[in-house]
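Student:
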Amino acid sequence: MFKNTMSSIASNAMILTSATAHPTNPAKMFGTTLSSVASVTVHPEPIVQFNIQIPSATSSSMHELKYMALHVLKPNLDSVELARSFSRGARHESPFERIPSIKWEMLSNKDFDIPILHDVSDHILICEKYKVFEVYNHEIWTCKIVDILTTEKPSGGLLYYKRKFHTVGKEFIESK
6 MFKNTMSSIA SNAMILTSAT AHPTNPAKMF GTTLSSVASV TVHPEPIVQF
56 NIQIPSATSS SMHELKYMAL HVLKPNLDSV ELARSFSRGA RHESPFERIP
106 SIKWEMLSNK DFDIPILHDV SDHILICEKY KVFEVYNHEI WTCKIVDILT
156 TEKPSGGLLY YKRKFHTVGK EFIESK
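Residue 6 is where the sequence shown starts when you use this note's numbering, and the numbers rise one by one after that.
Written out as C-alpha cells, the structure reads:
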C-alpha cells in the first residue's frame, strides 16, 4: 500500500552520474536514476537532497570522489531509455557500458571528472557531497550545488508517476 501511494505522487526522474577516477573506462563509471531529488536550502548556499539504496557502486564512488552531476532530463524517449538503463544499477555492468558513448562526455577540472549527459538534459546540477545519513538500507545525501549547466529552452523535465514516465501537462488557469 505504501509503494502504491508513493507511486501516485509525480516526481522528476533524474539521472545522477558520479565523478570517476577512470575517465576513459566506462566500466569504472557509475550512476543511477533518481526520483527523490528535492531542494533543501537556497541560502546561504543551494543544497539538494536525494536518497540511494545501499549497497551501491554509485554511492561508494560518491563517498570516495565527493562530486556528482544531477541531470534534469528532457521529456523524450531517449531520456526514458537512459533512465531505465541507469535504474538497473551496476550489478553486472556499468550503465555507461550499456549506452553509446556519443550520449555522454566528460566534464573535467582540477577536482573531478564527471560523465555528463548533455543531449538528454535540460539542466545539470554539478554537486559536491555535504552530509550523508544512513537510514536502514538507504543513504540520504545532501549536496552543495557548485555549478549549473542549462539549455536555452527548459521543458519541465521528465516525470515519473505510477511507475511510468510522463511530461508536464496543461497549466491550470487560476481566477484572480
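Backbone N, C-alpha and C fix where the C-beta goes; we use that ideal spot for every residue, glycine too.
Under 8 Å: do the stretch 38-52 and the stretch 107-122 share three or more Cβ pairs, one atom per stretch?
Tutor: The stretch 38-52 is not in contact with the stretch 107-122.
Student: Along the alpha helix (DSSP H) that carries Met67, what are the first and last residues, could you check?
Tutor: Ala62 to Leu70
Student: Have a look at Leu87, Leu112, Ser113 and Lys149 and flag the residue whose alpha-carbon is nearest the alpha-carbon of Phe101.
Tutor: Leu87
Student: Between Ala88 and chain B, is the shortest Cβ-Cβ distance under 8 Å, so that the two count as touching?
Tutor: This model lacks chain B altogether; it includes just one protein chain.
Student: Once the 5 residues before and after Arg168 are set aside, which same chain residues still bring their CB inside 7 Å of it?
Tutor: Ser12
Student: Can you tell me which of Lys158, Glu139, Leu163 and Ile150 puts its alpha carbon nearest to the alpha carbon of Ile59?
Tutor: Residue nearest to Ile59 within the set Lys158, Glu139, Leu163 and Ile150 is Glu139 (criterion: CA-CA distance).
Student: Any idea what DSSP makes of Phe101, helix, strand or coil?
Tutor: helix
Student: Counting Cβ pairs closer than 8 Å, one from the stretch 69-86 and one from the stretch 116-135, do we hit at least three?
Tutor: yes
Student: My output table needs one value for His123: the three-state DSSP class, helix, strand or coil.
Tutor: helix
Student: When you compare each of Leu75, Ser113 and Val85 to Thr25 by their alpha carbons, which one comes out closest?
Tutor: Closest in C-alpha terms to Thr25, from the list Leu75, Ser113 and Val85, comes Ser113.
Student: Can you give the Cα-Cα distance for Asn56 and Thr22, rounded to whole angstroms?
Tutor: Those two C-alpha atoms are separated by around 14 Å.
Student: Return the chain-ordered list of same chain residues with a C-beta closer than 7 Å to the C-beta of Phe91, the five sequence neighbours on each side being excluded.
Tutor: Ile20, Gly36, Thr37, Thr38 and Pro100
Student: Should Tyr165 go down as buried or exposed, given a rule of 16 or more other Cβ atoms within 10 Å for buried?
Tutor: buried
Student: Hey, how far is the Cα of Ser65 from the Cα of Glu98?
Tutor: Those two C-alpha atoms are separated by around 15 Å.
Student: Return the chain-ordered list of same chain residues with a C-beta closer than 6 Å to the C-beta of Gly161, the five sequence neighbours on each side being excluded.
Tutor: Val173
Student: My understanding is that Leu78 touches Val53, with C-beta atoms under 8 Å, so please give their C-beta distance in whole angstroms.
Tutor: A Cβ-Cβ distance of about 15 Å is found for the pair Leu78 and Val53, leaving them out of contact under the 8 Å criterion.
Student: Kindly indicate which residue of Lys8, Leu163 and Thr29 has the alpha-carbon position closest to the one of Asp118.
Tutor: Looking at the Cα atoms, Thr29 is the closest of the given residues.
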